[in-house]
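Chains as they are written, first to last, in this note's numbering: chain A, 82 to 452; chain B, 307 to 661; chain C, 60 to 244. Step one of this worksheet: look at the structure below.
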Amino acid sequence: MALKTETMVLNMGPQHPSTHGVLRLELEAEGELILSVKPHIGYLHRCFEKHAEAMTYPQVIPYTDRLDYLAAMGNNFGYVIAVEKLLGIQIPERVEYIRVIMAELQRIASHLVAIATNGADIGALTPFLYLFRDREYILSLFEMTCGARMLYNYMWIGGLSHDIHPDFVRKTKEFINHFRPTVVELNNLLTFNKIFIERTAGIGILPIDTAINFGATGPVLRGSGLAFDVRREDPYSIYNRFEFEIPTGKGLVGTVGDCWDRYYVRVLEMEQSVRIIEQAIDNIPEGDVHSAIPKRIKPPKGTVYARVENPRGELGYFIISDGNLNPFRVKVRAPSFVNLEVMGELCKGHLVADVIAILGSLDIVLGEIDR
Amino acid sequence: MYQFLYNLIGNEILAGLLVAVVPLTIILVFALFGIWLERKVSAHMQDRLGPMRTGWHGWLQTVADLMKMLQKEDIIATDADKTLYNIAPVLVFSGSFAAYAVIPFSSKLLGSEVEIGIFYVLAISSLVVAGILMAGWSANNKYSLLGAMRAVAQIISYEIPTALIVLSMVMLTGTLSLDKISQMQTSSFWNWNIFGGAIFGLSKFLLIPFMFIGALIIFISTLAEVNRVPFDIPEAESELVAGYFTEYCGMKWGMFMLAEYGNMFAVSAIITILFFGGYQSPIGYFGNSISAQWLVPFEQGFWFIAKGLTLVFVQMWLRWTLPRLRVDQLMTVCWKYLIPYAFLNLIIIGIISLL
Amino acid sequence: MKQYLKNTYDGIFTVLVGMKVTFKHLFTPAVTIQYPDVKVKLPERVRNRLYVNMDDCIGCDQCSRACPVSCIEIETVKSIPGEDLGITSNGKKKALWVTKFDIDIAKCCYCQLCVFPCPTECIYMTDVYEFAEYERSNFIYKFATLTDEEAVQRKINYEKLQAEKAAAAAKPKPETPAQTENKTE
């Protein structure tokens, strides 16, 4: 007579040291082997889309900051591009250059957090401290410009809230000089460490077709081998003037599309962002950043969808305007929301400890999943 | 030591108790110092400062934590098995404490002069396994049980490479007693076992690389015995909250921590005795050169503790550098890598020692 | 077999490289400071607690309308002609008594949208960030300088003026035909 076995339902509850935010994962496990994973979200729902209907267009910008709070400049960027498309206004060159520099600095900061928390979940607690130290440089650059370290309200419809500080260019160059050796140190300490490779290579392999079918974007998709980046496919702002590569996962250690590839894509993307900043920082044209900001923002009736490449993927804003001061509807296509769906596919057949590594490599932020 | 005290006091039981108290104070003082050292080392490695406000550079922080732990309410979950729950910390701590009985801190300070020193240590550390299982089971918590199972699997697997390397050293030195092993590595540091032992000859030079390999293997496997990173899956913070001692609070948790630090120093002590000369000094004895013979045991004690602390520092250094290994990878490292290398080491050392 | 040996070598070598990095960091000076004994110097554009300079406030309500979380509440009373409220620092003449100017700093999201529309730049963000309170009601900052009795008095004055104006507007209507009749006579 065969033994009757039961599968164990483990709950990685909303409060857990390494689910990045309040996410509840219901794991059905047989001993240590995972059979299925069901994510439960909604613990951070703050009714962003309903608020947007009651606010005027400029007032929505602080709310967009709080969607993906680790990449706030990118969120602002997407929204203002969408509204500017609706209004049909032209913005000064100076504004475009500064927006690109800020977005790329934000990309570096966000990837630093992603890499640091990925390492901390796996057990390497020291790179977390080192990378956050480097992030401090970026945050102090932002603080110098607009006064806030995390939620900026910097990119306004038609321009920026403040012009850059006179010291900004010099300090950014100092940061770039400081940053390149840091990436080398990170590679020595974490990326090519045998234990880290054992924990992440070959785990959570996402085949390219599955990734495309689920709609994954950002490093999750690029880690599986497809070089799809909104900055190349559908260039917004002035990205078509800069030279940069799109890193993809090549399976250097392990298989293409595993956790290590997604992690390494982020490391390489940071270097590419530094390249873009270097190209832009010396060529900022003169101008007035407030000159194109309209007095009253009342777009004509219509709909618009604008997308930007956020550090976590493709962030899209769909805005319906009915001619009033308040938008009729603002819908956000959050990249982490779509990327989280891939969890169920990736975790099958792995152990409980791998769920953490996979979740860390997907790099989700609950703020934009729940909005 | 026991003889000395017996001659002094005349009462067997009292002398025995005093002998037992000495390692207890050493463990407590070391735990106090060790926790502070860990926090400071980790802080400076991470470019920050660590505790600074309680005492000079925070050295009283552990005392503050101890006082906090002592006054905590002792909460036991309703469905927990009370007897096992209460016995488990005591068992784990006594396993770690009992190992100090045979460790010679100097030529005069030795708890018990039994002939089977190292064999006794290996046997006692298996007592810890029972304690951990009790802790994980009695807490009535899925996570604790998972953590306890993993801890037990880890400890009993890694006892094998430890035992193999110890066996090879015993084969080389011909004795099980830790005191005699220390005494054999006298008079200069080239005589330490890591450099091939005291007997000068061809076999000494042939042995050197294998001694290094053996020291490395035993260092790694004892790291796993004390559940330190990279083998700290049982207490993996970000995965299982705190593993098998999730449900303990207050002083009972304090006992587990004390046992962990006691264990750390005990295994460092054993490695120094086996490989790095025990309490022998590398540069000769100051007491001897000014003919104050009574000073020599104190110097030996100092050297012993210094060497032990260096190995403890290396253990802490590794903790803050490396990520954690997954459970099956842990097992792979033990059974597929360490045990074959340890066996080969044993055979080769055996062959060389026949020369 | 070759993979086995390579694994062993990789394992030991990468661990040693990592250890070298951490050892180097053991001797770099710490980057943290001992707050609260030492505090970080904040840049000039920093956005922390709001402050309103009531001498310059003209009661235009622009800041309250710009706030996305509705944390500013303003109530004003029109002044009666003949009362001199003074002029602001950039020369505007004030015409409204501000009877209530409450900012609920617990609701404020520090977005700075209220600072820009102010015509006299009287509301601005300071660099004070240590303003924790024990009671939640202490977070409602009341900036209005009129006491309650004065506010009530102003309101009464204004309503009296309105009533007089209404009475003056109501009375001449039946009288004008009589006046013109008188005039034509």
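Even for Gly, the Cβ is constructed at its ideal location relative to N, Cα and C.
Contact set for residue i: own chain, Cβ-Cβ below 6 Å, skip 5 residues either direction
{"i": "L580(B)", "result": "M475"}
{"i": "A276(B)", "result": "With chain B represented from 307 up to 661, any question about residue 276(B) goes unanswered, as that position is not in the structure."}
{"i": "S544(B)", "result": "With a pLDDT of only 45 at S544(B), under 50, the local geometry of the prediction cannot be trusted, and no value is derived from it."}
{"i": "K613(B)", "result": "T578, F582"}
Close beta carbons around residue i, own chain, < 8 Å, minus the five adjacent residues each side
{"i": "R127(A)", "result": "R147, D451, R452"}
{"i": "L428(B)", "result": "E465, T468, A469, V472"}
{"i": "F649(B)", "result": "L470"}
{"i": "Y567(B)", "result": "I333, F336, A337, G340, I341"}
Selected residue, minimal CA-CA separation from residue i, among the options
{"i": "E344(B)", "options": "L324(B), G361(B), Q367(B), T331(B)", "result": "Q367(B)"}
{"i": "P536(B)", "options": "W626(B), E318(B), F310(B)", "result": "W626(B)"}
{"i": "D186(C)", "options": "Y110(C), P88(C), H84(C), F82(C)", "result": "Y110(C)"}
{"i": "M231(A)", "options": "R377(A), D363(A), Y317(A), A152(A)", "result": "A152(A)"}
{"i": "L205(C)", "options": "C126(C), F86(C), D114(C)", "result": "D114(C)"}
{"i": "F425(B)", "options": "Y567(B), V408(B), I438(B)", "result": "V408(B)"}
{"i": "S123(C)", "options": "C167(C), K152(C), Y94(C), F86(C)", "result": "C167(C)"}
{"i": "R534(B)", "options": "N446(B), V435(B), L624(B), P588(B)", "result": "L624(B)"}
{"i": "N405(A)", "options": "F418(A), I238(A), M136(A)", "result": "M136(A)"}
{"i": "G155(A)", "options": "S442(A), R216(A), A415(A), V301(A)", "result": "A415(A)"}
{"i": "D353(B)", "options": "V99(C), Y94(C), F86(C)", "result": "F86(C)"}
{"i": "N569(B)", "options": "V435(B), T638(B), I657(B), A459(B)", "result": "V435(B)"}
{"i": "E189(C)", "options": "F160(C), Y183(C), F198(C)", "result": "F198(C)"}
{"i": "Y386(A)", "options": "I257(A), H97(A), G159(A), G441(A)", "result": "G159(A)"}
{"i": "K137(C)", "options": "A226(C), L220(C), A227(C), A228(C)", "result": "L220(C)"}
{"i": "A89(C)", "options": "Q460(B), K346(B), Q586(B), P629(B)", "result": "K346(B)"}
Cβ distance (whole Å) where residue i is taken to contact residue j below 8 Å
{"i": "S571(B)", "j": "F336(B)", "result": "Here residue 571(B) turns out to be Phe, not Ser, going by the sequence shown. The Cβ separation is near 5 Å, so the contact holds."}
{"i": "V97(C)", "j": "N269(A)", "result": "That belief does not hold up - the Cβ atoms of V97(C) and N269(A) are roughly 32 Å apart, past 8 Å."}
{"i": "E367(A)", "j": "Q635(B)", "result": "Incorrect: roughly 58 Å between the Cβ atoms, too far for contact."}
{"i": "T329(A)", "j": "R303(A)", "result": "5 Å"}
{"i": "F582(B)", "j": "W498(B)", "result": "6 Å"}
{"i": "F209(A)", "j": "A195(A)", "result": "Incorrect: roughly 11 Å between the Cβ atoms, too far for contact."}
{"i": "V181(A)", "j": "A373(A)", "result": "In fact, because the Cβ distance is near 17 Å, the residues do not count as touching under 8 Å."}
Same chain, Cβ closer than 7 Å to residue i, neighbours up to 5 away in sequence not counted
{"i": "F592(B)", "result": "L601, E605"}
{"i": "W641(B)", "result": "S463"}
{"i": "H121(A)", "result": "R105, E107"}
{"i": "V411(A)", "result": "E130, A133, V141, Y398, I400"}
{"i": "T291(A)", "result": "E426"}
Per DSSP, cross-strand counterpart(s) of residue i
{"i": "G228(A)", "result": "Answer by DSSP bridge pairing: none, since G228(A) is not bridged."}
{"i": "V118(A)", "result": "L108(A)"}
{"i": "G292(A)", "result": "Checking the sequence, you will find Ala at residue 292(A) rather than Gly. Its beta-bridge partners do not exist; DSSP assigns none."}
{"i": "Y183(C)", "result": "Y110(C)"}
{"i": "D161(C)", "result": "E132(C), K201(C)"}
{"i": "L241(A)", "result": "M236(A)"}
{"i": "K137(C)", "result": "L155(C)"}
{"i": "V385(A)", "result": "I400(A)"}
{"i": "I146(C)", "result": "K152(C)"}
Coarse secondary structure for residue i, derived from DSSP in three states
{"i": "G417(B)", "result": "coil"}
{"i": "N391(A)", "result": "strand"}
{"i": "R414(A)", "result": "strand"}
{"i": "F152(C)", "result": "Looking at the sequence provided, one finds Lys at residue 152(C) rather than Phe. If DSSP states are grouped into helix, strand and coil, K152(C) belongs with the strands."}
{"i": "I655(B)", "result": "helix"}
{"i": "N92(A)", "result": "strand"}
{"i": "V547(B)", "result": "Residue confidence for V547(B) is low, a pLDDT of 49 falling below 50, so the modelled location carries little weight and cannot support an answer."}
{"i": "L428(B)", "result": "helix"}
{"i": "L333(A)", "result": "coil"}
{"i": "L432(A)", "result": "strand"}
{"i": "E266(A)", "result": "helix"}
{"i": "T137(A)", "result": "coil"}
{"i": "D248(A)", "result": "coil"}
{"i": "D444(A)", "result": "coil"}
{"i": "W498(B)", "result": "coil"}
{"i": "W626(B)", "result": "coil"}
{"i": "A349(B)", "result": "helix"}
beta-carbon residue i near the ligand FAD non-hydrogen atom, thresh 8 Å
{"i": "T368(B)", "result": "Summarising the ligand content, the structure contains no ligands, and the ligand FAD is consequently not present."}
Of all the residues that make up the region 175-202 of chain C, which are near chain F by a beta-carbon distance shorter than 8 Å? As a matter of chain content, chain F is missing from the structure shown, whose protein chains are A, B and C.
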